[in-house]
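Here is the structure we will look at, set down as structure tokens.
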Amino acid sequence: MSEDTSKGTALKAGVWYVVSSVMVKAISIITTPIFARIMSTSEYGQVSNFTSWYSILLTFCTLNLTYSIGRAKLDYPDKLDDYIGSMQLLSALVTGILSIITLFFVESISNFLEISVIGVVFLILYLFFTPAINFYQNGCRYRYKYKENIAIAWYIALSTVILSLILMFTFDGDMATYRMIGIVIPTVILSSVFWILSLKRGNLHVNKEYWKYGARLSGPLIIHTVSLNILAQSDRIFITKICGSSDAGIYSLVYNYGVMISIITNAVADGWLPWFHDTFYAKKYEEIRRNVKWVIILGCYVSLACVALAPEAIAILGGVKYASGVYCVAPIVMGVLCQYVYTHYVNVEMHLKKTKYTSYGTVLAAVMNIILNAIFIPIYGFTAAAYTTLCSYIMLLFLHYFITTKVLKVEIYNDLFMFGALLVTGIAVAILIATYKYMRVRYAIIVIGFISFLWAFRSYITKYISGFRKKG
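Per the numbering used here, the sequence shown runs over residues 87 to 558.
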């Protein structure tokens with residue numbers, strides 16, 4: 087594949103990831119008011135607690151082996167399917183052992199997690215079957231097979247919502263349990279299909295070389311990912327234990343809106359990362375430096391839009407009973423933006439196989455987050471969780487910047503621009519918060535911001551409009 091063709095494929099994949107992610111998330115946005123009204127705030131909090139523990143425990147089940155696929159594509163270019171299959175088998179063995187241990191102590195674990203026994207059983211199923219889907223999606227991502235990836239995303243989004251609603255409208259009882267079932271069963275079905283395909287293709291086999299390679303590259307990232315998930319999920323767990331599931335439900339709905347910008351940022355990152363690995367490997371550092379600027383600017387604009395529309399969005403998604411959480415949106419959004427920026431430094435650490443450094447900073451930030459949550463949530467309630475998480479992400483950003491530039495001696499980004507963009511966005515966010523009670527002023531700022539966005543990205547917009555016209 088020529089350089090221009092490779093770059094065009096990566097760009098096309100990235101664009102479609104963004105478009106698809108927005109459309110898939112639209113399903114979640116449309117259905118959130120339905121779930122928020124069918125379930126009590128307590129039941130909504132229980133489901134949030136379930137997904138929070140899932141996110142944390144999934145790391146131990148997958149051993150973070152999906153992180154190694156991007157680099158394995160370069161080191162095992164003709165054997166990537168065999169590598170992925172071997173990683174999938176290793177992950178299944180680990181999850182199977184952990185599942186058996188959990189079932190022996192299911193009641194104690196249920197009490198500790200504050201999840202019903204039936205919820206723990208479904209959590210085990212969810213953890214066992216999800217990795218096969220993740221491995222398949224990562225294999226597609228690094229081959230720029232975006233159509234398959236998008237199809238999987240659409241299946242998960244639609245099937246989990248439809249099944250959950252069918253169960254909730256058909257049966258009486260605990261709506262939280264029906265929502266958990268609706269989330270898990272579609273995953274089990276799709277994962278079973280991928281297991282059958284892997285068996286037919288003969289990709290599932292023990293390969294000590296692959297296992298050592300994957301463990302060496304991904305192993306140190308287990309601590310990193312667990313710590314990262316603690317940063318993202320521990321606030322809701324703390325709120326559940328300290329303030330109750332009702333406050334956790336309010337915070338969860340607001341948090342889910344606040345991290346909505348990750349629809350765009352994660353989709354951009356999915357398209358960016360394969361291209362980054364290939365371009366960094368070719369030592370085309372100036373090309374990375376030039377293109378990352380617009381990636382960061384896009385994230386800043388999306389963040390501002392999310393904060394600007396927060397009052398109306400929370401009113402639509404949850405109604406009056408969730409309105410008290412609106413002031414949590416800004417710090418949550420800024421935290422996600424910090425994460426988006428520092429991920430570019432983490433990409434360098436991963437490419438150079440220096441993943442042990444990645445874990446150091448994340449552990450410190452997670453510990454800081456736990457301490458701050460324990461101190462401030464009992465005093466200020468669930469709102470404090472949003473600000474403690476932001477502080478932790480800011481710390482993490484500076485740590486990864488230090489690791490990449492001072493320890494690894496890699497300076498491929500315009501660091502002044504990266505941090506300056508964050509500072510300007512933070513000031514703009516503060517202005518928007520001050521206008522929450524002055525609707526006309528806020529809407530005037532929104533219009534000005536949208537016009538400036540169109541102006542900043544005018545060349546890209548014109549290019550794609552022209553492209554679509556030519557296709558037509």
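Backbone N, C-alpha and C define an ideal beta-carbon position, used for all residues, glycine too.
By Cβ distance, which residues of its chain are closer than 6 Å to residue i, with the 5 residues on each side in sequence left out?
i: Y487; result: Y431
i: A516; result: none
i: G404; result: A122, L339
i: E435; result: Y443, T444
i: V496; result: V434, T490
i: L485; result: G447
i: F468; result: I325, C329, D333, Y337
On a CA-only basis, which of the options is nearest residue i? Give me that one, please.
i: M454; options: L438, I347, L482; result: L482
i: H291; options: D168, S410, L249; result: D168
i: A514; options: L160, A394, L176; result: A394
i: I418; options: T117, L339, I238, F324; result: L339
i: R287; options: M254, S445, I170; result: I170
i: G595; options: F215, L244, V192; result: Outside the displayed range of the chain (87 to 558) lies residue 595, so it cannot be described from this structure.
i: I309; options: L149, L359, G385; result: L149
i: P275; options: F215, C329, F221; result: As written in the sequence, residue 275 is Ile, which differs from the Pro given in the question. Measuring from the Cα of I275, the nearest candidate turns out to be F215.
i: L509; options: T521, Y446, V427; result: V427
i: T429; options: Y162, A334, V378; result: V378
i: G575; options: L251, V312, Y343, S284; result: Any property of residue 575 remains undetermined from this structure, which presents the chain solely from 87 to 558.
i: F280; options: G225, A218, C226; result: A218
i: F462; options: L450, V449, C477; result: C477
i: R157; options: N224, N197, L175, T127; result: N224
i: Y522; options: A401, P397, A409; result: P397
i: F362; options: H437, I236, G182, I534; result: H437
i: N235; options: A353, I187, L144; result: A353
i: S134; options: L184, N342, W358, A355; result: N342
i: K298; options: F536, L151, T117; result: L151
i: F198; options: K327, W358, K440, G535; result: K327
i: I238; options: V406, I120, K370, P272; result: P272
Using the beta-carbon count (16 or more within 10 Å), is residue i buried or exposed?
i: G421; result: buried
i: R526; result: exposed
i: V541; result: Sequence check: residue 541 is Trp here, not Val. Exposed, since its Cβ has fewer than 16 Cβ neighbours within 10 Å.
i: F324; result: buried
i: G506; result: exposed
i: D29; result: Nothing about residue 29 can be read from this structure; the chain reaches only from 87 to 558.
i: V388; result: buried
i: I252; result: exposed
i: L175; result: buried
i: K294; result: exposed
i: A451; result: buried
i: S138; result: buried
i: A530; result: exposed
i: K159; result: buried
i: I457; result: exposed
Which same chain residues end up closer than 7 Å to residue i when comparing Cβ atoms and leaving out the 5 residues on each side of it in sequence?
i: F208; result: M266, I267, V270
i: Q568; result: The question about residue 568 has no answer, for the chain in this structure spans 87 to 558.
i: R375; result: I498, Y499, N500
i: R544; result: none
i: K233; result: none
i: T365; result: E373, I374
i: Y140; result: L209, Y212, L213
i: S538; result: none
i: F136; result: I201, G205, L209, M266
i: L144; result: L213, T216
i: M504; result: I382, V427
Within its chain, find whatever has a CB closer than 8 Å to the CB of residue i; leave out the 5 residues flanking it on each side and keep chain order.
i: I195; result: T188, V206
Does any residue of chain C have a CB that is nearer than 8 Å to the CB of residue i?
i: S538; result: Protein chains in the displayed structure number just one, and chain C is not present.
Touch test, the segment 409-425 against the segment 468-475, Cβ-Cβ under 8 Å, three pairs minimum: Under the 8 Å Cβ criterion, the segment 409-425 counts as touching the segment 468-475, having at least three qualifying pairs.
Whole runs of the alpha helix (DSSP H) within the segment 173-244, excluding any shorter than 4 residues: As summarised for the segment 173-244, the continuous alpha helix (DSSP H) elements at least 4 residues long and confined to that stretch are 192-199, 203-227, given in chain order.
Inside the segment 388-420 only - alpha helix (DSSP H) runs reaching at least 4 residues: List check, alpha helix (DSSP H) in window: 396-403.
Entirely enclosed beta strand (DSSP E) segments - the segment 249-324, minimum 3 residues: Counting whole runs of 3 or more residues, the segment 249-324 contains no beta strand (DSSP E) stretch at all.
Minimum length 4: unbroken alpha helix (DSSP H) runs contained in the segment 467-538: Fully enclosed alpha helix (DSSP H) runs of no fewer than 4 residues occupy 469-488, 501-520 of the segment 467-538, in order along the chain.
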